[in-house]
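Here UniProt numbering is used: the sequence shown runs in plain steps of one and ends on residue 360.
Where a beta carbon is used, it is the ideal one built from N, C-alpha and C, also for glycine.
The model shown is predicted, which means the values in this text are computed figures rather than measured ones.
The structure appears right after this line, and notes come after that.
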Amino acid sequence: MKTSSRSLVELRAAIDQVDGKILALLSERGHLAHAVGELKRAEGESRFYHPDREAEILRRIMQENPGPFTDAQVASIYREIISAGLAQEEALQVAYLGPAGTFSQMAAQKHFGRSAAFQPTGSIPEIFRMVDGGQAQFGVVPVENSTEGSVNLTLDLLLDYPLQICGEVQLRIVHNLVANIPMEQIRKVYVHYQTRAQCRQWLATHLPQVELVDVPSNGVAAERAVQDPQGAAISTTVAAETYALNILQAGIEDNPENTTRFLVIGKILTRPTGQDKTSLVVAGINRPGSLHALLSPLADAHISLTRIESRPARSAVWEYVFYLDMLGHCQDSDLTPVLDALAAQSSFYRCLGSYPKAVF
């Protein structure tokens, strides 16, 4: 569209016209979403949220995106549209590790949109208890960080609770030093233990004499910094805004590609989308070559294993279970027989869920 010859007044008038069309189409989409909800109710279906369908919509939008907005920007906009549409029928109850301002909250909003009803919790076990007990329909829990590795508590709880993984979120992690005092006056820094590990070099270089105080989350760190006249925190930009703290130094993480992967847990099963992951926990029979026997069916079928993690089996000393992530859905014709063969080689086998890969 040629715009160089238009005046500012004409361009603004054109934008107003486009905004009117967008609003009309959003309204039409909202009515259609409501009609879908009415039809589901008439057919006796109580579930309105389908992460597989949502993932397909977002991938299609990104594939058809003509620009100039990036694929991630377009997907983020549509996530909010979908979230608002779902809220017409039922606001999803989503538990996350709080308080406000944590990366867990940011991951939850990225996956569900801001129209969901978010419930902050004090711990990761509480998220599992709430979802298992029905106080929340879904929970968002951290499972691994690209710098510090796995969140072992989450892995153990996945085995303890009969819940399903029904989605994943990947969130770029940016840590900030926040406070309401100058940097030279800081005597304590409140920080989550994983955040501290991810900023180790920066802290040793810039605040070598400052006391580091462990807290349960980045949000709590910001709360403590507000209460301590000599305190600072390492936290998120959202927490800084929430608790009215100044960002003294942004991006202090040692690895500029620092990313955390979160899992969405719930009680629903998802159908295949063509771009899925499956997570398992297995234990081999205690004999030489048992791990090789477990993994051989995957290698023979050319199934891509994206992650393997061992954890002590609490049922016996010096025995281990293995957490496996692989590409594909448990209902895929090429993966189903492989999983059957793997289960036959295992002394313990449980599928934790098949779910759409993170979209953006």
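| query | result |
| --- | --- |
| Could you tell me the distance, in whole angstroms, from the CA atom of SER115 to the CA atom of PRO182? | 37 Å |
| What residue from ILE308, TYR355, TYR49 and ALA84 has the CA that sits closest to residue 361's CA? | Absent from the model: residue 361. The displayed extent of the chain is 1 to 360, so no value can be given. |
| Could you please give the first and the last residue of the uninterrupted beta strand (DSSP E) stretch that includes PHE360? | Note, PHE360: premise wrong, no beta strand (DSSP E); not H, not E. |
| Going by beta carbon distance, what residues of the same chain come within less than 8 Å of ILE173, once the five residues before and after it are set aside? | PHE103, ASN145, GLN198, GLU253, ASN258, THR259 and THR260 |
| Smallest Cα separation from LYS40: which of ALA204, VAL74 and GLU90? | GLU90 |
| With a Cβ-Cβ cutoff of 9 Å, do PRO120 and GLY85 count as a contact? | no |
| Using a Cβ-Cβ cut-off of 8 Å (strictly less than) and excluding sequence neighbours within five positions of GLY251, which residues of its own chain qualify? | VAL174, HIS175 and ASN176 |
| Taking the C-alpha atoms as reference points, what is the distance between ILE234 and LEU248? | 10 Å |
| Can we say the stretch 156 to 169 touches the stretch 261 to 273, given the rule of at least three CB pairs closer than 8 Å? | yes |
| Would you mind working out which of GLN109, TYR78, GLY101 and ARG79 sits nearest GLN93, comparing C-alpha positions? | GLN109 |
| What separation, rounded to the nearest whole angstrom, lies between the Cα atoms of PRO297 and PHE138? | 33 Å |
| Helix, strand or coil: which one does DSSP assign to PRO337? | helix |
| Please go through the stretch 234 to 321 and give each complete alpha helix (DSSP H) segment of 4 or more residues, from N-terminal end onward. | 237 to 242 and 290 to 300 |
| Taking the straight line between their C-alpha atoms, what separation do you get for GLU309 and LEU295? | 13 Å |
| Less than 9 Å between the beta carbons of LEU212 and VAL282, yes or no? | no |
| Could you check the C-alpha separation between LEU153 and ALA87 for me, to the nearest Å? | 32 Å |
| Among TYR190, PRO256, ILE81 and GLU241, which one has its Cα closest to the Cα of ARG224? | TYR190 |
| Name the DSSP beta bridge partners of ASN145, please? | GLY149 and THR260 |
| Could you tell me which uninterrupted beta strand (DSSP E) segments, each at least 3 residues in length, are contained entirely in the stretch 106 to 140, listed from first to last along the chain? | 117 to 121 |
| Could you tell me which residues DSSP pairs with ARG224 in its beta bridges? | According to DSSP, which records beta bridges pairwise, ARG224 is partnered with nothing at all. |
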